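> So the sequence lines, in the order shown, correspond to chains A and B. Quick note: the first sequence uses this note's numbering, first residue 4, plus one each step. Quick note: the second sequence uses this note's numbering, first residue 300, plus one each step.
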Amino acid sequence: MSQLATAGSPPATVRKFSLWHEMRRNWVAYVYISPFFILFAVFGAFPIVYSFVLSFQQWNGISTPQWIGFENYARLLQDRLFWLAMGNTVFIGVIAHIPILGGAMVLAFIINSAAVRFKHFYRSAYFLPVVTSPVAVSLVFSTLYGVRFGLINWVLTWLGFQPIDWWGGSGEWIKPAIILLFIWRWLGWNMIIYLAGLQGINPELYEVAAIDGASLRQVFFKITLPLMRPIILFTLVLSTVGAMTLFDEPYMLVGVTGGANNAGLTIAMYLYDRGFKFAHFGYASAMAYVVSAIIVFVSVLNIRFFGRSNTEA
Amino acid sequence: MASTESSVRPQTHTAHSTTVRRTRWQPLVRSLLFNALLLIGAFLSAFPFYWMFVLSTQSTQQIFSWPPQFTPGDNLVTNYQNIFAIIPFWRNFANSAFVGITHTVLALLFCSMGGYAFAMYRFPGRNWLFALLLATMMIPWMAGIVPWFILISKWLHWINRYEALIIPGAASAFGIFWMRQYIQESIPTELLDAARIDGCHEFSIFFRIIAPLLTPAYAALGIMIFIGSWNGFLGPLLVMQEKTMYTLPVALSLLRQDPRRGFDAGVLMLGTALATLPMLIVFLMATRRFMAGLTIGAVKG
């Protein structure tokens, strides 16, 4: 609409006419964008609005829905499993993302340096885990984690350590198992994104830094990191959503209950369990709303914190 | 790039004779260290795939031997036959392929149309419609999953139907955003003006002139969308409730338990390997294109 204003400033009546005129002149554009907005209205916006309505109802999908006000939300606050799942999800997400984002940045920095050859080979190798299905890699890892004959335990005993009982006991090894898989799967993706960002940094900056006698560490912290802030933000937002909605991997590794003591139960699994195994549509909707609100809140926080950019590079 | 290494080498102490020697071998040590680290990482990334292929050829006895066998076994054919006692593997494979291909074709059409409109037309409401489109990318899938399922199952009756996996995500916000970036950078506006002067209809401008120019973009985005569709799990888990309609990821989850023979890691890994192989081939054949495509959204956004 700003284009209209800059196209000369006609009097108000003419402008109203010309808005309609502009819309008619560009009718093709509306046709082109309509598939997205129609599909989003039906399969995106409508479910989200209806989910809000459902969250105040009790409904199993068969009987008539009952209006119960805030009861679902009140129950949610007292639901031990919900908070357990929330804690598990946040724990897995935070612990996994420290090595993922930190490691990805370091690896990208290393690959980008001239000391390394075969950059293409490394990029492909590190990216391999992301293009394969989470179900498939979870199954491969479940054999690696095998308690009696798994390869990891074989390596551990060979090195003189005790083998790990991944799924048993009180479930204390379940989260590490999920986290290891998570790191293995997502490190490469973040590395590729960071690498692309690094390659976008003007090499002259490094030359100037070298002339000024900056050390490798100074270059990394004073030039690379600040310039990478928008890209770090991008990965942080996607990581937040990805971690909070984690489902496939823990579901495949430990099943829908999350294994011993529900140690591997994530929010998405619990939502799936309540919503689709037990058909507690209202309760699951309330849960979906609370979690989505948290995700959006954290994303906005990320943007506020990392996004106030002094770097438009 | 060749200058990066020498330029980041510390040069503050070059006056000292001892440190001159240090700076001479320091890059070499650093290079060795870097390469060793990267090599270990690459090995860890790729090894599980090698292990998957090895196990898929072994019998239960071979898999449960101590120490483990790191070379292929001789049970490939038996494992292959055992898959079919649990799932109709090739039917599941065909399901995945059909859903993936139709979904990708439809998505490429819608995304390129949308991206083209946002890149090339200055229509009223463009800015806030585009902002809305970007905002939808922040909404997690969970938010509306329950009514989404109700919509699919009760109102559209799409349970056990391909439509449920093809239609809902056919016009992705990410894809439109991505196409807009590509078109803005690669298609000059003069091309449109010239076509209009020649009396070309608006639709023919896109389908006859622009779309053929987007071939590289179609390839890159197409790979991304196809991989996403092929790997999708929760969607098919919810809507496909018959074995013959399962896509591969859902079918694979059944392979963990053979009703007659119990757990067999060899059978499981062979099914997994067969399901993974097409993606590995697609990826390795088009790595450069794929990664170039992936990073457009991240860096330019």
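Note that the Cβ used here is the ideal one computed from N, Cα and C, for glycine as well. None of these values were measured; they are calculated from a predicted model.
From M584(B) to T403(B), what distance separates their C-alpha atoms?
Those two C-alpha atoms are separated by around 18 Å.
> Excluding five sequence neighbours on each side, which residues of the same chain lie with their C-beta closer than 6 Å to the C-beta of W192(A)?
Around W192(A): V133.
> Please check if any C-beta of chain B sits within less than 9 Å of the C-beta of V244(A).
By this cut-off, V244(A) is an interface position.
> Does DSSP classify Q357(B) as helix, strand or coil?
coil
> May I have the straight-line CA-CA distance separating R28(A) from Q480(B), to the nearest angstrom?
24 Å
> Note down, in chain order, each residue of its chain lying with its Cβ closer than 7 Å to the Cβ of A111(A), except the 5 sequence neighbours on either side.
M194, Y197, L198 and L201
> So which residues of chain B does P50(A) contact, with C-beta pairs closer than 9 Å?
Going along chain B in sequence order, the residues near P50(A) (Cβ under 9 Å) are A442, G443, I444, V445, P446, W447, F448, I449 and L450.
> Hey, is Y545(B)'s beta-carbon within less than 9 Å of any beta-carbon in chain A?
no
> At the level of alpha carbons, what is the spacing between V158(A) and I167(A)?
In this structure, the CA atom of V158(A) is about 11 Å from the CA atom of I167(A).
> Taking only beta-carbon atoms, is E501(B) less than 9 Å away from chain A?
yes
> Where do the N-terminal and C-terminal ends of the alpha helix (DSSP H) with S242(A) fall, by residue?
R232 to M247 is the extent of the alpha helix (DSSP H) around S242(A).
> Determine the burial state of F308(A): buried for a count of at least 16 other Cβ atoms within 10 Å of its Cβ, exposed for fewer.
exposed
> For W70(A), name the three-state secondary structure that DSSP assigns.
strand
> For P229(A), count neighbouring C-beta atoms within 10 Å of its own C-beta (all shown protein chains included) and say buried if the count is 16 or more, exposed if not.
Exposed.
> What does the alpha-carbon distance come out to for the pair R677(B) and P137(A)?
As displayed, chain B neither begins before 300 nor continues past 600, which places residue 677(B) out of reach and without an answer.
> Taking G278(A) as the reference, which of N264(A), V259(A) and A263(A) has the closest Cα?
V259(A)
> Could you name the residues of chain B that S288(A) contacts, counting a contact when the two beta carbons are closer than 8 Å?
V445 and P446
> Could one say the Cβ of Y292(B) lies closer than 9 Å to chain A's Cβ atoms, at least one of them?
Beyond the ends of chain B as shown, which are 300 and 600, falls residue 292(B); an answer cannot be given.
> Please report how far the alpha carbon of W477(B) lies from the alpha carbon of I36(A), in whole angstroms.
14 Å
> Please classify Q61(A): does DSSP put it in a helix, a strand, or coil?
strand
> Leaving aside the five residues before and after V34(A) along the sequence, list all residues of the same chain whose C-beta is less than 8 Å from its C-beta, in chain order.
Hits under 8 Å: none found.
> Consult DSSP for L268(A) and reduce its assignment to one of helix, strand or coil.
For L268(A), the three-state secondary structure derived from DSSP is coil.
> Alpha carbons only, please: which of A77(A), W30(A), D82(A) and Y129(A) is nearest the one belonging to F582(B)?
Y129(A)
> Check whether chain A comes within 9 Å of A393(B), counting only Cβ atoms and requiring the distance to be less than that.
no
> What are the boundary residues of the alpha helix (DSSP H) that includes R622(B)?
The question about residue 622(B) has no answer here: the residues shown for chain B are numbered 300 through 600.
> Taking the C-alpha atoms as reference points, what is the distance between Q380(B) and L87(A)?
42 Å
> Suppose contacts are defined by Cβ-Cβ distances below 9 Å. Is F39(A) in contact with G531(B) by that definition?
no
> List the residues of chain B that R126(A) touches, going by C-beta distances under 8 Å, in chain order.
T586 and M590
> Compute the Euclidean distance between the alpha carbons of A591(B) and T546(B), then round it to the nearest angstrom.
Roughly 29 Å between the two C-alpha positions.
> How long is the line joining the alpha carbons of E74(A) and T248(A), rounded to whole angstroms?
24 Å
> Determine, using beta carbons only, whether L336(B) comes closer than 9 Å to chain A.
yes
> Quick one: residues in its chain with C-beta nearer than 6 Å to the C-beta of L375(B), no 5 flanking neighbours on either side, listed in chain order?
Excluding residues within five positions, the ones whose Cβ falls inside 6 Å are T356.
> Quick one: grab the DSSP three-state call for A217(A).
A217(A): coil per DSSP, three-state reduction.
> Take N305(A) and list the residues in its own chain whose beta-carbon comes closer than 8 Å to its own, dropping the five residues that flank it on each side.
L236, L239, V240 and T243
> To the nearest angstrom, how far is it from the Cα of P515(B) to the Cα of A406(B)?
15 Å
> Does the distance from the C-beta atom of Y76(A) to that of A289(A) stay below 9 Å?
A contact, by the Cβ cut-off of 9 Å.
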